[in-house]
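Trainee:
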Amino acid sequence: MSRRIEIKRIGPGSSVQDMGRRGYLAQGLSRGGAADRLALLEGAALLDQPTDCAALELTAAGAVLSFDAPTRIALTGAPMPARLGDQALVWNASHAVPAGGVLTLGPVQRGVFAYLHVGGGIDRDSFVAMRTERDASLKMPRLIIPSLQVNMRAGTVPVDEAGNAVLKVPLNKL
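For the sequence shown, the UniProt record's numbering assigns the number 1 to the initial residue and increments by one for each residue that follows.
1) Do you know offhand how far A34's Cα is from Q17's?
2) Would you say T71 and N92 are within 8 Å of each other, going by their C-beta atoms?
3) Taking buried to mean at least 16 other C-beta atoms within 10 Å of its own C-beta, is I73 buried or exposed?
4) Between N151 and A99, what straight-line distance do the alpha-carbon atoms span, to the nearest angstrom?
5) Return helix, strand or coil for E6, following the three-state DSSP convention.
6) Specify whether the stretch 44-51 and the stretch 96-113 touch according to this definition: at least 3 beta carbon pairs, one from each stretch, less than 8 Å apart.
7) What residues in its chain sit with their C-beta under 6 Å from that of P79, if we drop five residues either side in the sequence?
8) Per DSSP, L41 forms a beta bridge with which residues?
9) Apply the 10 Å Cβ neighbour rule to D36 and answer buried if 16 or more other Cβ atoms are within range, or exposed otherwise.
10) Have a look at L40 and G120 and give me their C-alpha separation to the nearest angstrom.
11) Under the DSSP definition of a beta bridge, which residues are partnered with E57?
Right, dumping it as C-alpha cells:
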C-alpha cells in the first residue's frame, strides 16, 4: 500500500528537492538540489534514513497537507509555526502523523526555506509519474502566446534577410 500526502495549500516555489547531482558542471549542469543541504541532512538524521532522500522544500508562505496513512515526518530548516490538528509541533524534530492527520505550516518566522521530510522518503519515480500524467492532461495556458519572451540579442530584435524586424512564433507547436 502506498501512502499519499494531499497538498491542500502550498506557497509558490515549493518543490521536492534532494541533495542534487554532482559531477555534471563540465557539461553545464549545476548541482541543483535543496537550497539548505544542512536542513536536508538534519531531516535524514531525525528519521534515521539515507542522506539522499528527497524532502518537500517549502517557501515562506507555508502549507496545509493531509496524510492518508500513519506517517513519521521531520520538520527542519527555516522555522514555521506547525500544527497537527490543534496540537502545536516542535521544529527540528520528528513527529508521528496519524491517518487522516492534517498538518498546517504557517509562514516562515526567520530564514527562507523549510523542509518537510517523510519517513521512508519520497518515491521519486512515483512523484515523476504523477506529475507527468497530470501535466499531460493540462491545457495550454491561455496567456502563453501574449507572454512569449524573445531573445532580444542584447537589445536588438532579430531581422530577416531584407532587414525587417521579425518575431517567429511556432503556432503549430502550441
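From the three backbone atoms N, C-alpha and C, an ideal C-beta is built for every residue, glycine too. Fair warning: this is a prediction, and the values are worked out from it, not measured in the lab.
Mentor: The structure says:
1) In the sequence shown, counting from the first residue as 1, residue 34 sits at position 34. In the sequence shown, counting from the first residue as 1, residue 17 sits at position 17. Computed Cα separation, rounded: 5 Å.
2) Counting from 1 along the sequence shown, the entry for residue 71 is found at position 71. Counting from 1 along the sequence shown, the entry for residue 92 is found at position 92. No, the Cβ-Cβ distance between T71 and N92 is not below 8 Å.
3) Taking the sequence shown and counting its residues from 1, one reaches residue 73 at position 73. Classification for I73: buried.
4) Start at 1 with the first residue of the sequence shown, and residue 151 comes out as number 151. Start at 1 with the first residue of the sequence shown, and residue 99 comes out as number 99. Only weak support exists for where N151 lies, its pLDDT of 48 falling under 50; the coordinates are left without a value.
5) Within the sequence shown, residue 6 is the residue found at index 6, counting from 1. DSSP places E6 in strand when its eight states are reduced to three.
6) no
7) On the sequence shown, residue 79 is found 79 positions in, with the first residue counted as 1. The residues are W91, Q109.
8) The residue given as residue 41 occupies position 41 in the sequence shown. In the DSSP output, where bridge partners are listed per residue, L41 has none listed.
9) Your numbering for residue 36 matches position 36 in the sequence shown. Answer is buried; the Cβ neighbour count reaches 16.
10) If you number the sequence shown from 1, residue 40 lands on position 40. If you number the sequence shown from 1, residue 120 lands on position 120. Each residue's alpha carbon lies about 14 Å from the other.
11) Here residue 57 refers to the residue found at position 57 of the sequence shown. DSSP output for E57 lists S15, Y115 as bridge partner(s).
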